[in-house]
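Just so you know, the sequences run in chain order A and B.
Here my numbering is used: the first residue of the first sequence is 1, the next is one more, and so on.
Here my numbering is used: the first residue of the second sequence is 1001, the next is one more, and so on.
Data first, discussion second: the structure below is written as C-alpha cells.
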Amino acid sequence: MKEILSTVDTWLAQGKRIAIARVIGVEQSGPRDPGATMAVNEDGEVAGSVSGGCVEGAVVTEALEVLATGVARRCSFGYSDDQAFAVGLTCGGTVHLLVEPLDW
Amino acid sequence: MSGEIYQELRHCLLSGEPVGLVLVTRVADEVAAQTPLASKMLVRPGATVMSSLGEPELDRVVSRDALAMLERGVSGTRHYGARGEARREEIEVFVESFVSPPKLIIFGAVDFSRALVEVAKVLGFVVTVCDARPVFATRARFPMADEVVVDWPDHYLDQVGPSLGARDAVCVLTHDTKFDVPAIIGALSTEVGYLGAMGSRRTHEKRWERLLEAGASEDDLRARLMSPIGLDVGARTPEETAVSICAEIIAVRSGRAQGAMTPLRDALGPIH
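Right, here's the structure in full:
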C-alpha cells in the first residue's frame, strides 16, 4: 500500500474521490499476494496494481461503480474455459478483491 | 474524504512503525447491520485500537489476534462469529500486517558493496554498509545506503544483532579474514535469515578453517553460511554479482535454495 500513498495524497489534495481495491485472497496461482492495492480516482486514473495486468481494467470499472454507489463490494476474478473471453487471470488462479471508497 | 484511519495508517507506513489493518471482507446477512462489509480497525503495539467492528467482544478478540499476527509479520484471513466466537463463519476479516522493511547489513566498503546496495534498495531493504576503515566507509561512496557505519563487524553486530530476524540479511564482502571471521561469527550468534560471504573457492576454504579455529560450529556453518556467496548465474561485474547475491537471498527466504537452482523453463511445479 505504501507505493500508492504519494499518488493518493496528490488526488486527495486535488479533492478527487478515490476507491481502493485490495487483494484479500488468492486461490492457486496468482501474481500478487494478498495486500496488493490499487487506487482509482473518479477520473479513472490508476495507481498500483492487483495482478500482473490481467484484471486491472475490470477493477477500474468496479472501482468507478463503487464510487458511484458509495458502497463497498467484494469481487473475484478467475478463469475457466467457458469464460475464455471474459476477464480473468491467464495463470489459472482466482483473485478475491475488496473494493471500497476511501472514506475512512 | 479520507479520515483518521487512513491518516494514521499513512503515518505508520511512512514512519515504518508496525501497524495492522483489520478489514471485514465478508459478512453474513444477519450480522451486516452490526458489522458492515469493509468495517475496519487499526492495531498498533502498545497503542489503543483505532475504530471498531461494531461489537465490543468481537473487537477484543479480533484485535488480540491481529496484534499477534503483526508481531509475527504475517497477514491473512480469519473467521469469527458475531461476538468473536471461534469456529464460526459469520464474519471474515483480512488482517494485513505492515512491518518495517527487512534489513541488509553489508560488511566491507568495496565496489561490490556499492552495487549490492543499489540492487537491495530495489528489493526494499534498509541497507547499512559497515567497514572499520574510515577512508572507505563514506557516504559519498555509498549514496544509496541508508546508513554508512565506521566500526568493526563484531562490535557493530553486538549492538544491532539482537534486532535481526528471519527476513534480514548479512553479506560479508570484505575479502579479508581479519574482518570476515568476526563478522561471520558475530552474525551466526543472531537470528538473521540469510548469511553470505564473498570469496573464491580458495578464499572460502581458508576462511572455513579460520572460522573453525575461532570456535564456529561446523554444523552451524553448513546450515547457515552461503559461501561462496550468490547463485551461479555466471556473474562477473559488481552489478551482476549483486543480482546473483540478491537472487540467492530471495531463494533462501522462499526455501528454494536447496539443491541446484533450475531455470523455470526446466523446472516443474507452481511458480507462485
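The beta carbon of each residue, even a glycine, is placed where N, CA and C say it ideally should be.
This one's a predicted model, so the numbers in the text were calculated from it and none came from an experiment.
For the beta strand (DSSP E) containing residue i, list its first residue and its last residue.
i	result
residue 20 of chain A	18-27
residue 1043 of chain B	1040-1043
residue 96 of chain A	94-101
residue 1098 of chain B	1091-1098
residue 76 of chain A	73-77
residue 1079 of chain B	1076-1080
Do residue j and residue i come within 8 Å of each other at the CB atom, strictly closer than that value?
i	j	result
residue 104 of chain A	residue 1005 of chain B	yes
residue 1177 of chain B	residue 1210 of chain B	yes
residue 1022 of chain B	residue 1074 of chain B	no
residue 1257 of chain B	residue 1248 of chain B	yes
residue 1197 of chain B	residue 1227 of chain B	yes
residue 1166 of chain B	residue 1193 of chain B	yes
residue 1169 of chain B	residue 1104 of chain B	yes
residue 1164 of chain B	residue 1203 of chain B	no
residue 1162 of chain B	residue 1125 of chain B	no
residue 1057 of chain B	residue 1076 of chain B	no
residue 27 of chain A	residue 93 of chain A	yes
residue 1218 of chain B	residue 1212 of chain B	yes
residue 1262 of chain B	residue 1112 of chain B	no
residue 1188 of chain B	residue 1220 of chain B	yes
residue 1061 of chain B	residue 1038 of chain B	no
residue 58 of chain A	residue 77 of chain A	yes
For residue i, collect the residues of the same chain with a Cβ closer than 6 Å to its Cβ; drop the 5 residues on either side in sequence, then sort them by chain order.
i	result
residue 1070 of chain B	1018, 1020, 1097
residue 1026 of chain B	1092
residue 1044 of chain B	1019
residue 1275 of chain B	This structure leaves residue 1275 of chain B out entirely; chain B is present only between 1001 and 1272.
residue 52 of chain A	31
residue 1150 of chain B	1134, 1137
residue 22 of chain A	37, 98
residue 1110 of chain B	1173
residue 1 of chain A	37
residue 106 of chain A	The structure shown does not extend to residue 106 of chain A, since chain A is modelled only from 1 to 104, so the question has no answer here.
residue 1266 of chain B	none
Could you name the residues that DSSP lists as bridge partners for residue i?
i	result
residue 1169 of chain B	B:1104, B:1194
residue 106 of chain A	Because residue 106 of chain A is not part of the residues shown, which for chain A are 1 to 104, the question remains open.
residue 1147 of chain B	B:1128
residue 1226 of chain B	B:1196
residue 1021 of chain B	B:1042, B:1096
residue 1026 of chain B	B:1092
residue 1050 of chain B	B:1042
Please list, in chain order, all residues of the same chain as residue i whose beta carbon is under 7 Å from its beta carbon, the five residues on each side excluded.
i	result
residue 1034 of chain B	1054, 1055, 1082
residue 1153 of chain B	1107, 1130, 1179, 1182, 1183, 1186
residue 1100 of chain B	1016, 1018
residue 1144 of chain B	1117, 1118, 1121
residue 1088 of chain B	1079, 1080, 1081
residue 1245 of chain B	1116, 1171, 1196, 1229, 1230
residue 48 of chain A	3, 4, 37, 38, 39
residue 1008 of chain B	1042, 1050
residue 1031 of chain B	1082, 1090, 1091
residue 1156 of chain B	1130, 1149
residue 7 of chain A	39, 47
Whose C-beta lies closer than 8 Å to the C-beta of residue i among residues of the same chain, with five residues either side of it excluded?
i	result
residue 66 of chain A	19, 72, 73, 99, 100, 101
residue 81 of chain A	Per-residue confidence for residue 81 of chain A stands at a pLDDT of 47, beneath the threshold of 50, marking its modelled position as unreliable; the derived number appears in the next sentence. The answer is none, since no qualifying residue turns up.
residue 24 of chain A	34, 74, 96, 97, 98
residue 60 of chain A	40, 44, 46
residue 1013 of chain B	1019, 1098
residue 1139 of chain B	1145, 1148
residue 1233 of chain B	1240, 1243, 1244, 1247
residue 1268 of chain B	none
Grab the span of the alpha helix (DSSP H) containing residue i for me, first residue to last.
i	result
residue 67 of chain A	56-69
residue 1176 of chain B	Taken as a continuous stretch (DSSP letters only), residue 1176 of chain B belongs to no alpha helix (DSSP H), as it is neither H nor E.
residue 1133 of chain B	Element bounds for residue 1133 of chain B: n/a, residue is neither H nor E.
residue 1056 of chain B	1056-1072
residue 1112 of chain B	1111-1122
residue 1245 of chain B	1238-1253
residue 1005 of chain B	1004-1015
residue 971 of chain B	Outside the modelled stretch of chain B, which goes from 1001 to 1272, sits residue 971 of chain B, for which no answer is possible.
residue 13 of chain A	5-13
residue 43 of chain A	Element bounds for residue 43 of chain A: n/a, residue is neither H nor E.
residue 1153 of chain B	1153-1160
Less than 7 Å separating the Cβ of residue i from some heavy atom of the ligand HEM?
i	result
residue 1210 of chain B	Among the ligands in the structure shown, none appear at all, so the ligand HEM cannot be discussed.
Strictly under 8 Å for the Cβ-Cβ distance: is residue i near chain C by that measure?
i	result
residue 76 of chain A	Protein chains A and B are contained in the structure displayed, whereas chain C is not.
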